[in-house]
Structure formats: C-alpha cells, structure tokens
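Chains A and B, in that order, are what the protein sequence lines are. Just add 4 to the spot in the first sequence (first one is 1) and you have the working numbering. Just add 60 to the spot in the second sequence (first one is 1) and you have the working numbering. We treat Cβ as the ideally placed atom computed from N, Cα and C, and that holds for glycine. In this text the structure is predicted, and so the values were computed from the model without any measurement. In what follows, a single structure is set out as structure tokens and then discussed.
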Amino acid sequence: MTYHKEGAAYQLEDRFEHHSAQPEGVSAQVATQDEVRVTTPPDVCGMGHRMKRKEDPRFIQGKGRYVDDVKLPGMLYMDIVRSPYAHAKILSIDASAALAMDGVVAVVTGKDLEQHGLHWMPTLMSDTQMVLPTDKVVYYAQEVAVVIATERYIAADAIEQVFVDYEPLPAVVDPFEAMEDNVIVRDDKEVKTNRIWHWEAGDKAATDQAFDEAAHVIKQYMHIPRIHVSSIETCGMVSDYNKAMGKFTIYMTSQAPHAHRTVFALVSGIPEHKIQIISPDIGGGFGGKVPVYPGYVCCIVASLLLGRPVKWIEDRSENLQADSFARDYHITAEMAADSDGKIVGLRVNTLADNGCADAAANPSKFPAGMYSICTGSYDLKAAHVNVDAVYTTKPPGGVAYRCSFRVTEAVHMIERMTDIMAHDLGVDPAEYRMNNFIKADQFPYKSPTGWEYDSGNYHNALRKAMDMIGYEELRQEQAEKRARGEFMGIGISSFTEVVGAGPSRDYDILGVKMFDSAEIRIHPTGKAIARFGTKSQGQGHETTYAQIVAEELGLPANDIEVEEGDTDTAPYGLGTYASRSTPTAGAAAAMAARKIKAKAKKIAAYLLEVGEDDLEWNVNQWQVKGSPEQAKTIQDIAFAAYTNNPPGMEPGLEATDYYDPPNLTFPFGSYICVVDIDSGTGEVKVRRFVAVDDCGNIINPLIVEGQVHGGLTMGLAPALYEEIVYDENGQCLTGTLADYLLPTAVESPKWETGHTITPSPHHPIGAKGVGESPTVGAPPAIANAVVDALWHLGVRHIDIPITPQKVWQALREHGVTD
Amino acid sequence: MSQHTITLTVNGQEQTHQVDARLLLVHFIRENLNLTGTHIGCDSTSCGACTVHINGRAVKSCTVFAVQANGKSVETIESLAAGGDLHPLQEGFWEKHGLQCGYCTPGMIMSAKHLLEKNPNPTEEEIRWAISGNLCRCTGYNKIVEAIQYAAEKLRETEAVA
Chain A
5 MTYHKEGAAY
15 QLEDRFEHHS
25 AQPEGVSAQV
35 ATQDEVRVTT
45 PPDVCGMGHR
55 MKRKEDPRFI
65 QGKGRYVDDV
75 KLPGMLYMDI
85 VRSPYAHAKI
95 LSIDASAALA
105 MDGVVAVVTG
115 KDLEQHGLHW
125 MPTLMSDTQM
135 VLPTDKVVYY
145 AQEVAVVIAT
155 ERYIAADAIE
165 QVFVDYEPLP
175 AVVDPFEAME
185 DNVIVRDDKE
195 VKTNRIWHWE
205 AGDKAATDQA
215 FDEAAHVIKQ
225 YMHIPRIHVS
235 SIETCGMVSD
245 YNKAMGKFTI
255 YMTSQAPHAH
265 RTVFALVSGI
275 PEHKIQIISP
285 DIGGGFGGKV
295 PVYPGYVCCI
305 VASLLLGRPV
315 KWIEDRSENL
325 QADSFARDYH
335 ITAEMAADSD
345 GKIVGLRVNT
355 LADNGCADAA
365 ANPSKFPAGM
375 YSICTGSYDL
385 KAAHVNVDAV
395 YTTKPPGGVA
405 YRCSFRVTEA
415 VHMIERMTDI
425 MAHDLGVDPA
435 EYRMNNFIKA
445 DQFPYKSPTG
455 WEYDSGNYHN
465 ALRKAMDMIG
475 YEELRQEQAE
485 KRARGEFMGI
495 GISSFTEVVG
505 AGPSRDYDIL
515 GVKMFDSAEI
525 RIHPTGKAIA
535 RFGTKSQGQG
545 HETTYAQIVA
555 EELGLPANDI
565 EVEEGDTDTA
575 PYGLGTYASR
585 STPTAGAAAA
595 MAARKIKAKA
605 KKIAAYLLEV
615 GEDDLEWNVN
625 QWQVKGSPEQ
635 AKTIQDIAFA
645 AYTNNPPGME
655 PGLEATDYYD
665 PPNLTFPFGS
675 YICVVDIDSG
685 TGEVKVRRFV
695 AVDDCGNIIN
705 PLIVEGQVHG
715 GLTMGLAPAL
725 YEEIVYDENG
735 QCLTGTLADY
745 LLPTAVESPK
755 WETGHTITPS
765 PHHPIGAKGV
775 GESPTVGAPP
785 AIANAVVDAL
795 WHLGVRHIDI
805 PITPQKVWQA
815 LREHGVTD
Chain B
61 MSQHTITLTV
71 NGQEQTHQVD
81 ARLLLVHFIR
91 ENLNLTGTHI
101 GCDSTSCGAC
111 TVHINGRAVK
121 SCTVFAVQAN
131 GKSVETIESL
141 AAGGDLHPLQ
151 EGFWEKHGLQ
161 CGYCTPGMIM
171 SAKHLLEKNP
181 NPTEEEIRWA
191 ISGNLCRCTG
201 YNKIVEAIQY
211 AAEKLRETEA
221 VA
C-alpha cells in the first residue's frame with residue numbers, strides 16, 4: 005500500500021505481517037448459527053434479549069435534552085455570514101451597520117481570528133481548512149464572518165447588515181477539470197496543484213498478469229455522487245467560558261467528544277483539563293457530527309472573547325450546503341474472469357472529489373479509508389486499486405453518510421461489476437456469486453489487498469435470502485412479465501463490510517490511537533454505573549452496553565446506568581462512528597466486567613471460606629462447585645466490597661478497560677431486491693427487499709432490527725433519491741429538504757429482515773458492528789435490480805440516484821416508447 | 061418590531077403573553093414556554109419535527125406565527141403523559157422500537173395522534189401517508205408504523221370498554 009501526499013511518499017509498513025489477528029488460545033474457526041444465543045433469564049436481560057430501550061422514556065415524553073434545549077443565563081446567539089460565491093476574493097468586509105444595531109454584541113471576521121492564529125484549523129486528515137477566510141472563499145455558503153447578538157432573531161437580522169465585497173473567481177466544479185490545474189483552489193499551499201494525494205493498494209503486476217490471461221474482461225465507469233447525512237437535528241453548540249475558573253463548558257453535537265476536546269486543546273493552547281465537552285442527546289449523527297466545523301470554533305472563540313455563553317444552531321439550509329459531504333467517487337473499474345467464468349482480477353481507478361479540503365475522518369494512514377476492501381466477498385487472485393484525490397470549490401467532502409471509510413463506494417463497485425459480469429456471461433447472478441464466493445472454510449481469509457477477514461459464511465447468507473424471498477419463483481415471474489413487455493428486476497448484493505477501527509498499530513486519528521474504553525463502578529447495593537468513550541446518537545448504547553455488562557456479571561440490565569458524552573467523567577475514547585462502538589467499547593465493557601468478576605471471585609472465596617479454585621460462575625453468582633447452595637451473588641459481593649472486604653484487599657468494586665482490538669470485524673450479508681418499473685414514467689418501485697445480515701453475536705435483536713431498517717432506508721435514499729447537485733458556478737442546488745429528497749414513510753418499503761450468526765473469533769463477545777452494513781449493502785441491490793429489469797434491452801449500467809428521468813431516458817434510448 | 065398580546069391555551073392552561081409579530085410559534089413554545097419537546101429540524105416545513113396540535117389539528121409550528129395561535133388551543137408532546145400514564149402512542153413507540161435518536165419522535169407522535177383521532181382504524185397505507193410529512197432518518201419507518209398500529213388497537217380496545 006502506498007500513499008503519496010504532495011510529493012512526499014510514505015511506504016506504509018506491511019500491516020498484516022507483523023501482528024497476529026487472533027488472540028492467543030482462540031480458535032479462528034467459528035460455526036454459523038441461526039438462533040440468537042440467550043444465557044441469562046429475563047430479569048437479568050443479558051445478551052440476546054429483545055429488551056425495550058432504557059433511554060426511551062425521556063424521548064417519547066419530549067424530555068430528551070439536545071443542544072438547542074440548553075439555555076444558560078446571559079446566553080448570546082451566534083449567526084453566520086456566508087459566501088454567495090463558490091470561489092471569490094474577499095476585497096473588504098464592512099460590519100459597521102451590523103454593529104450599530106441594537107442587540108448586536110460583536111462581529112468576528114477572519115482578520116480578527118488571524119490575530120490569535122485561529123483563522124485556519126487542521127482537519128482530521130492533517131490537511132488545513134479555513135475557520136474564517138482572510139483572503140478568499142473556496143465554496144458556496146462558506147462561513148465568512150459571525151455575528152453575536154442578544155437574541156436569535158437579531159443575530160439573523162444582523163448577518164444581512166454585514167457587507168462583503170467579493171471579486172468572483174472561476175469555480176472548479178468538475179474534478180476531472182481540477183486535475184488539469186488551470187484554476188488552483190488552494191493557492192495557500194506551497195505546491196500549486198489541485199491534486200491532494202495519490203494512493204494505491206494491491207499488486208499491480210499480478211493484476212496486469214491476471215488481466216492478460218483472462219478470457220473475459222469488462223469495464224465500467226460509475227459515479228457515486230455527493231450525498232449528505234441530513235440528520236434531523238442539525239449541528240450546534242453552546243460554549244460557556246467561565247472567566248473566573250478559566251474553564252470552558254461546551255455543549256456540542258459531537259460524536260467524538262474526547263477527540264474534539266484534544267483537537268481544541270492542541271489548536272488553541274487551552275489546557276485540556278480546562279475544556280469540558282458535553283455531548284448531550286444527539287438527534288442523529290451518521291458521521292456528520294464527527295468533523296470540526298468552522299461554526300464550532302467561532303462559537304468557542306466568541307464565548308472566550310465575550311466571557312459569556314454563546315449558542316450557535318445551524319439552519320437546515322446551512323447544514324445541507326456547508327457541512328461535510330459523503331462519497332463523490334468517480335470510479336472506472338475493470339474485472340477479469342477466466343474461461344470458467346471465475347473472477348480472477350480487479351483493477352480500479354478512482355478520482356475522489358474532496359472539495360476544498362481533505363477533511364474526511366479516516367484513520368490517518370488510510371486517506372481512502374477501507375476502500376481496498378473492494379474485492380468484496382469474492383475469492384480472486386489479484387487486485388489493484390488507485391485513488392487520486394483533488395480539491396474543488398465545494399465544501400469538504402469525503403466524510404460520512406453512515407459510512408465514512410469508503411466501504412460503500414467499494415461495495416457498490418464490486419457488486420455492480422459482479423452483476424454485469426454475470427449478465428454478460430449469461431449466468432444467473434445468484435449462481436454466479438455462489439461460484440465465486442470465498443468459502444466458509446477459507447476463514448480467516450487474506451484478501452489480495454491485504455485484509456484478514458475474521459469470519460464469514462457467504463453461501464449460507466445468500467441461500468437464506470433466496471429462500472426468504474422465493475428467488476426461483478421470482479425469476480419465473482420475471483420471465484412471464486418480460487414476455488408481456490413488463491419490466492421487473494431482481495437485484496442481489498452480497499457485501500462484506502469492515503468495521504471496528506481499530507488496532508492501534510495501524511489506526512489513529514491525528515495520532516490518537518483508535519481504541520475505546522469502558523469504566524464500570526458497582527455501588528454497594530449492587531447497582532452500577534458504566535461510562536464509555538463512545539457517544540450514542542440513537543444507536544441505543546444505554547441499553548446494549550447494559551446488556552453486555554448484565555451478561556458478564558448477572559446484574560440486571562435495568563440496574564446499570566450507562567453514561568456517555570461528558571469528557572470530565574467518561575474514560576477517553578474515539579467516539580461513535582463507522583460501526584465501531586460494539587467492536588471497541590462493547591468489547592471494553594465485557595473486559596472491564598471480567599476484571600470485576602475476577603475480583604468478585606476473590607471476595608466470594610473469602611466470604612465462603614473456600615479457595616478460589618473451588619468456585620464456579622453461574623449467571624449472577626460465584627458458587628461452590630458441587631454445592632450450589634453455597635453461593636454469593638454479585639449483589640452480596642458488591643456489598644461486601646464496601647463493608648467487609650477481605651483483609652489486605654483494596655475496597656470497592658470497579659474496573660476500567662481500554663480495549664485495543666486485535667483486528668477489525670467483517671460483518672456481511674446478502675440482500676435481494678425486487679423492483680417494478682413503470683415504463684411510462686420511469687418510476688422504480690421497490691416491491692420487496694429481503695436483507696439477511698450477519699453481524700456475529702447479537703446483543704439485542706430488537707435494536708439490531710432497528711439499525712438494519714434505518715440503514716436500509718439510508719441505502720434506498722442514495723440509490724433512488726438523494727444527490728447534492730451543483731451548477732456550473734458551484735452553487736448548491738439542493739440546499740433545502742424540498743430539493744434534497746429524504747425518503748418518507750411512503751417511499752420506504754416494508755423491509756424483510758433475517759440473520760445468520762457467524763461470531764467474530766477475536767471479539768470478546770463474538771460481536772461485530774451492524775449500523776453501517778445495510779447502508780453499504782443496499783444501494784447495489786437496488787441498482788442491480790433496475791439494470792436486471794432492463795438488461796435485455798441493452799442497458800448495462802445506470803448511475804445512482806436512479807431517478808425516473810434516468811430510467812425514462814434509458815427506456816427511450818433502447819426503443820421503449822409507450 | 062410590533063408587539064402583540066396573545067391569549068391562548070397551551071396543554072390545557074390558558075395564558076397571556078406579549079410577543080413580537082414575527083415570532084414563530086415553535087420558538088414561542090420552545091423559548092418562551094420552555095417546552096423543548098417540540099423540535100426544529102428544517103426551515104422549509106419539510107421535516108415535521110415541530111408538529112403540534114392547534115385546535116386539534118396537527119400543524120408544523122415552524123411555519124405558524126405565535127400570533128396566529130391567539131385564542132386557540134395548542135397541544136404539545138408534553139401534554140400526552142401529563143397525568144403520569146403514558147399515552148398509547150408513547151407506549152407503542154417504546155414497545156415497538158419506533159424511535160432511535162428521538163429527535164423526530166414528538167412530532168411523529170403528534171401527527172399520529174391527529175390521524176388516530178380522525179381515523180381510529182387506519183390501514184398501513186393510511187398510516188404511511190399520514191406521517192409522510194414527518195421525516196425520520198433513523199428508523200426506516202417500519203417500526204413507527206407498527207407503533208401506531210399498536211396504539212390504534214389499544215385505543216380501540218379502551219373505547220370498546222368505555
């Protein structure tokens with residue numbers, strides 16, 4: 005794997021040779037099951053129980069506490085002056101009229117920030133990004149100045165009274181044009197080029213050879229367009245600087261509060277213990293609340309300068325136009341197969357439109373994230389992947405949409421290519437996948453781009469999905485309909501995900517290793533509080549983490565309070581994104597609980613006056629082997645830990661664990677989608693969608709179903725509806741929810757879900773992540789179904805979002821005129 | 061900015077306030093009355109997070125001025141479990157996992173409440189259309205539909221007993 009950045013080339017260490025992906029003494033072979041494992045009674049409610057969520061009572065009664073609900077005495081409101089141009093010089097800024105308004109307290113510009121060295125900030129990818137510009141703007145709706153006023157409405161009025169004189173410059177909208185360097189987006193850089201980096205993975209020579217020897221080669225260009233997470237709550241902050249104590253209390257829509265605290269400390273020089281970040285209830289994140297946006301920094305600066313609390317809440321249009329975007333990969337893929345139709349090689353050239361900064365949230369050694377997972381679920385000999393990233397005059401892209409690490413782009417490409425190859429060869433796409441899958445006995449599997457897949461059983465998952473949907477009957481129906489001139493398609497996606505970043509040897513963000521943490525304290529009466537370095541944005545951590553601890557210690561999950569998001573109290577962690585919470589902090593929960601269990605054993609041995617070796621664990625108690633009536637429950641032991649602890653033993657019962665995973669986890673699944681196409685309008689109707697997911701051991705089946713449903717809907721959205729569109733001047737044309745179409749209950753199909761269970765062999769509770777999987781896996785199933793419906797006409801590919809217009813055009817181009 | 065005196069009933073309590081002519085009802089509810097269960101998710105009447113009832117009709121309070129509620133009765137999410145017991149809709153959302161981040165939930169519940177008051181036995185399609193003005197980014201809607209069906213059934217049973 006190589007990575008060249010602005011002329012400097014880094015040769016990464018060979019990531020997979022030097023570390024063992026398996027903890028010692030753990031078998032790498034795991035069996036697949038169908039049934040969710042339950043070992044605790046309902047009153048304990050450990051893993052596998054469909055427990056109702058512990059966090060819900062506050063949300064259903066309107067008592068959640070989100071950032072905009074925070075109201076502090078003397079609080080001021082901030083609003084942002086934004087650029088009407090995508091690329092322009094700033095000649096002057098006149099704020100005098102705004103400052104003369106009643107209620108306006110201050111206006112802050114880039115020049116003001118420059119005096120404190122705060123007009124630029126680092127991105128999470130070690131690039132730089134303007135906080136507020138001093139010389140020019142590089143995207144439409146860029147933050148140009150901020151106004152702070154006593155009331156929200158006054159601040160909104162005042163931004164209209166800040167007059168900025170611009171000299172427009174040519175916009176750079178097309179990334180292919182950006183490559184030519186005719187207009188330089190980032191002329192602040194020493195090297196005058198729009199090229200950010202070039203990255204490669206895999207074996208070029210072996211891939212070239214595989215293609216030379218191949219019997220069939222296909223090639224396809226595809227664009228995975230810009231999309232936006234558009235969580236229903238936008239981003240916001242209340243920054244409260246207490247001058248007397250020199251301390252900031254910052255309420256922030258943050259998926260990674262600890263990481264943000266460290267970044268703020270490093271950038272500003274404010275001591276880290278004087279920054280408390282509280283991430284309260286978060287109204288959806290999906291990765292959009294990982295980056296540090298200019299608004300946050302301005303809000304903090306404003307509260308420092310004014311010595312008062314300052315609130316900043318984005319409007320939806322600001323959120324859609326200026327916050328970080330996902331995807332925007334232009335992919336040219338080639339696939340080679342031998343004379344038996346077996347896939348042998350994959351060659352992928354990619355142009356990444358990163359906007360005005362490389363502000364993705366990938367681990368630092370992975371500028372294109374986990375994109376090299378692109379060989380997917382197939383056992384092929386050789387692959388070579390290239391990515392070139394460029395700057396354009398758009399907001400920073402490449403962040404997230406329920407997957408920031410480029411797995412979605414990789415999966416869309418490989419699943420589209422596999423389908424095209426199957427159709428070209430005249431083989432049923434299901435059969436073709438079965439013929440090319442990695443086999444269950446090949447795990448742990450080393451992929452040609454260097455990944456070690458921990459566990460999988462791909463044939464089983466696809467077979468289950470085919471049985472659930474009645475695949476053979478559907479093919480029959482399709483043939484009958486086709487004979488009548490009706491358009492029905494069946495699409496499959498058999499994806500492999502990669503989540504749980506990650507092992508500290510290779511994974512860091514700005515140098516901070518990507519472990520995560522849990523701290524559990526058992527109170528004397530046998531109740532507990534557990535704190536984590538992650539931060540739920542709806543994933544249900546308050547329930548699932550409690551169930552993990554309940555599973556390990558036998559304490560009822562309802563007796564365990566789970567707390568996240570306050571950097572003054574929670575142990576350090578990198579936060580919640582990229583389906584990493586269960587693989588990292590979920591593992592830490594189990595490991596911390598096991599430390600408590602070990603101490604509990606010593607206490608039990610003392611209380612029962614037996615040796616530790618005479619004890620065995622049973623659900624919630626240590627009992628004497630062969631004499632289970634002699635037992636001490638975890639509650640007995642907790643009380644003793646504070647009231648009657650063994651002589652010489654430290655009192656109390658608590659533990660902390662920082663879990664550094666030995667490998668990533670590789671969830672997978674097979675999805676099958678049935679579409680009907682209206683040949684008159686081009687409308688695609690998803691008639692059925694079956695999703696079989698395998699995320700290893702399931703902690704709470706109800707929550708997993710919810711995650712899958714939500715993820716599928718965020719897969720449907722970019723497949724059929726959502727795209728951030730710019731005109732030739734770089735103006736965003738999709739700046740409201742009236743233009744950017746989130747699916748409603750009417751568009752969303754009735755999802756049919758199933759699971760298989762192939763535990764992760766290296767994870768303490770055998771779990772993987774699941775939140776991202778459906779968003780990664782669903783789009784190609786839908787796209788494949790549409791193309792499947794039209795293949796016989798000669799349609800080979802349609803880019804997502806597959807709008808009625810695109811389908812209508814494809815039908816007309818191929819002779820369908822009704 | 062011209063000031064107006066408005067008298068309205070909010071969650072059963074009549075009250076009088078001085079408000080700016082341009083003050084949006086959602087800001088009045090959230091800022092002046094500190095009822096923060098009503099949320100703001102967009103500025104184009106698209107998302108429905110701010111849905112409340114005015115005289116029993118579900119409306120998006122981000123597109124109504126506070127002065128327009130003068131003389132009317134406004135009900136917010138906070139009115140539902142005022143007596144201490146959860147409303148069947150709240151129960152349904154909890155039982156059926158009809159929420160994740162919880163941000164759209166109050167608006168979703170208020171839209172569903174309006175539906176069930178008009179139509180106690182809606183079909184799945186009627187439910188989906190009734191909440192099509194409320195966006196949810198987390199759940200994929202299936203479990204919201206189930207939650208509303210749960211509530212509809214429970215309300216019908218209560219009605220039958222009464």
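Would DSSP call T154/A helix, strand or coil?
Counted from its first residue, the first sequence places residue 154/A at position 150. Three-state result, T154/A: coil.
Indicate the three-state DSSP secondary structure (helix, strand or coil) for T379/A in the structure shown.
Residue 379/A sits at position 375 when you count from the first residue of the first sequence. Note: T379/A maps to helix in three-state DSSP.
Flag this pair as yes or no: are the beta carbons of H545/A and S585/A separated by less than 8 Å?
Position 541 of the first sequence, counted from the first residue, corresponds to residue 545/A. Position 581 of the first sequence, counted from the first residue, corresponds to residue 585/A. Contact: yes.
How would you call Y581/A, buried or exposed, if buried means at least 16 neighbouring beta carbons within 10 angstroms?
On the first sequence, position 577 is the one that residue 581/A refers to. The residue is buried, with at least 16 neighbouring Cβ atoms inside 10 Å.
Which first and last residues belong to the alpha helix (DSSP H) in which A685/A is found?
In the first sequence, counting from the first residue as 1, residue 685/A sits at position 681. The question names Ala, but residue 685/A is Thr in the sequence shown. It is not in any alpha helix (DSSP H) - T685/A carries neither H nor E in the DSSP assignment.
For the beta strand (DSSP E) that contains Q133/A, what are its first and last residues?
The residue labelled residue 133/A in the question sits at position 129 within the first sequence. Q133/A -> beta strand (DSSP E) spans 132-134.
Whole-angstrom distance between H463/A and W316/A, CA atom to CA atom:
One-based indexing of the first sequence puts residue 316/A at position 312. One-based indexing of the first sequence puts residue 463/A at position 459. Answer to the nearest angstrom: the Cα atoms are 51 Å apart.
V394/A and M183/A - do their beta-carbons sit closer together than 8 Å?
Counted from its first residue, the first sequence places residue 183/A at position 179. Counted from its first residue, the first sequence places residue 394/A at position 390. Their beta carbons are under 8 Å apart, which means M183/A touches V394/A by this criterion.
Could you give the distance in angstroms between the alpha-carbon of D792/A and the alpha-carbon of G495/A?
The residue labelled residue 792/A in the question sits at position 788 within the first sequence. The residue labelled residue 495/A in the question sits at position 491 within the first sequence. Going from the Cα of D792/A to the Cα of G495/A covers about 7 Å.
Rounded straight-line distance, which links the Cα of R467/A to that of L429/A:
As a first step, residue 429/A must be located in the first sequence, where it is residue number 425. As a first step, residue 467/A must be located in the first sequence, where it is residue number 463. The alpha-carbon atoms of L429/A and R467/A are separated by roughly 21 Å.
Could you pull out every residue in the same chain whose Cβ sits closer than 6 Å to the Cβ of A2/A, ignoring the five residues on either side in sequence?
With chain A covering 5 to 822 only, the question about residue 2/A has no answer from this structure.
Thinking C-alpha only, which one of V233/A, Y89/A, K223/A, T253/A is nearest M79/A?
Residue numbering aside, residue 79/A sits at position 75 when the first sequence is read from its first letter. Closest by alpha carbon: T253/A.
Continuous alpha helix (DSSP H) stretch holding T266/A: start and end:
Within the first sequence, numbered from 1, the residue matching residue 266/A stands at position 262. Segment 261-272, the alpha helix (DSSP H) holding T266/A.
Using a threshold of 7 Å, is the CB atom of L557/A nearer than that to any non-hydrogen atom of the ligand HEM?
In terms of ligand content, the structure shown is empty, and the ligand HEM therefore cannot be addressed.
Buried or exposed: K173/B, going by 16 or more other Cβ atoms within 10 Å of its Cβ?
Your numbering for residue 173/B matches position 113 in the second sequence. K173/B should be labelled buried.
Contacts around A110/A, its chain only, beta-carbon distance under 6 Å, and the 5 residues preceding and following it disregarded
Numbered from 1 along the first sequence, position 106 holds the residue referred to as residue 110/A. Correct list, in chain order: I152.
Residue range of the alpha helix (DSSP H) that T660/A falls in?
On the first sequence, position 656 is the one that residue 660/A refers to. No alpha helix (DSSP H) holds T660/A; the beta strand (DSSP E) holding it covers 658-663.
Please classify A404/A: does DSSP put it in a helix, a strand, or coil?
Taking the first sequence and counting its residues from 1, one reaches residue 404/A at position 400. Coil.
Chain-ordered residues of the segment 185-204 of chain B with a beta carbon less than 9 Å from chain A
E185, I187, R188, W189, A190, I191, S192, G193, N194, L195, C196, R197, C198, T199, G200, Y201, N202, K203, I204
Go through its chain and collect everything with a Cβ distance to P298/A's Cβ below 6 Å, but skip five positions before and after it.
Here residue 298/A is taken as the residue at index 294 of the first sequence, counted from 1. The residues are V135, E147.
Please work out which residues of its chain come closer than 8 Å, Cβ to Cβ, to G311/A, disregarding the five sequence neighbours upstream and downstream, and give them in chain order.
As a first step, residue 311/A is located in the first sequence; it is residue number 307 there, counting from the start. Counting only Cβ-Cβ distances below 8 Å, and skipping sequence neighbours, we find Y245, K247.
Where K517/A and K369/A are concerned, what is the direct C-alpha to C-alpha distance, given to the nearest angstrom?
As a first step, residue 517/A must be located in the first sequence, where it is residue number 513. As a first step, residue 369/A must be located in the first sequence, where it is residue number 365. If I take the Cα positions, the gap works out to 12 Å.
Strand pairing of F153/B, partner residues [DSSP]:
Here the question's residue 153/B lines up with position 93 in the second sequence. Answer by DSSP bridge pairing: none, since F153/B is not bridged.
Under 8 Å, with one C-beta from each stretch per pair, do the segment 138-148 of chain B and the segment 36-52 of chain A reach the 3-pair mark?
no
Taking a cut of 7 Å between CB atoms, which residues from the segment 313-325 of chain A lie near chain B?
D319, R320, S321
Give a yes or no on whether the minimum CB-CB distance between L716/A and chain B is below 8 Å.
Your numbering for residue 716/A matches position 712 in the first sequence. Yes, L716/A lies at the interface with chain B (some Cβ there is under 8 Å from its Cβ).
Hey, how far is the Cα of E481/A from the Cα of R691/A?
The count along the first sequence starts at 1 and reaches residue 481/A at position 477. The count along the first sequence starts at 1 and reaches residue 691/A at position 687. About 13 Å.
Can you tell me which of the three DSSP states Q160/B falls into?
The residue labelled residue 160/B in the question sits at position 100 within the second sequence. Reduced to three states, the DSSP call for Q160/B is coil.
May I ask you to report which of helix, strand or coil DSSP gives R2/A?
Nothing about residue 2/A can be read from this structure; chain A reaches only from 5 to 822.
Hey, is S106/B's beta-carbon within less than 8 Å of any beta-carbon in chain A?
Working through the second sequence from its first residue, we reach residue 106/B at position 46. With 8 Å as the cut-off, S106/B counts as an interface residue toward chain A.
Identify the continuous alpha helix (DSSP H) that holds F215/A and give its terminal residues.
Working through the first sequence from its first residue, we reach residue 215/A at position 211. Unbroken alpha helix (DSSP H) run through F215/A: 208-216.
Below 8 Å CB to CB, which residues in the same chain sit around T211/A once its five sequence neighbours on both sides are set aside?
Counting from 1 along the first sequence, the entry for residue 211/A is found at position 207. Only G349, L350, R351, A386, A387, H388 meet the Cβ criterion.
Compile a chain-ordered list of the residues in the segment 736-752 of chain A whose CB is closer than 7 Å to at least one CB of chain B.
T740, L741, A742, L746, T748, A749, V750, S752
Under 8 Å between the Cβ atoms of Q224/A and A337/A?
Indexing the first sequence from 1 puts residue 224/A at position 220. Indexing the first sequence from 1 puts residue 337/A at position 333. In this structure, A337/A lies closer than 8 Å to Q224/A by Cβ.
So is V70/B in contact with chain A if we call contact Cβ pairs under 8 Å?
The count along the second sequence starts at 1 and reaches residue 70/B at position 10. No, its Cβ sits nowhere closer than 8 Å to a Cβ of chain A.
Return the CA-CA distance between A101/A and C302/A, expressed in angstroms with no decimal places.
Residue 101/A sits at position 97 when you count from the first residue of the first sequence. Residue 302/A sits at position 298 when you count from the first residue of the first sequence. Spanning the two alpha carbons is a distance of roughly 21 Å.
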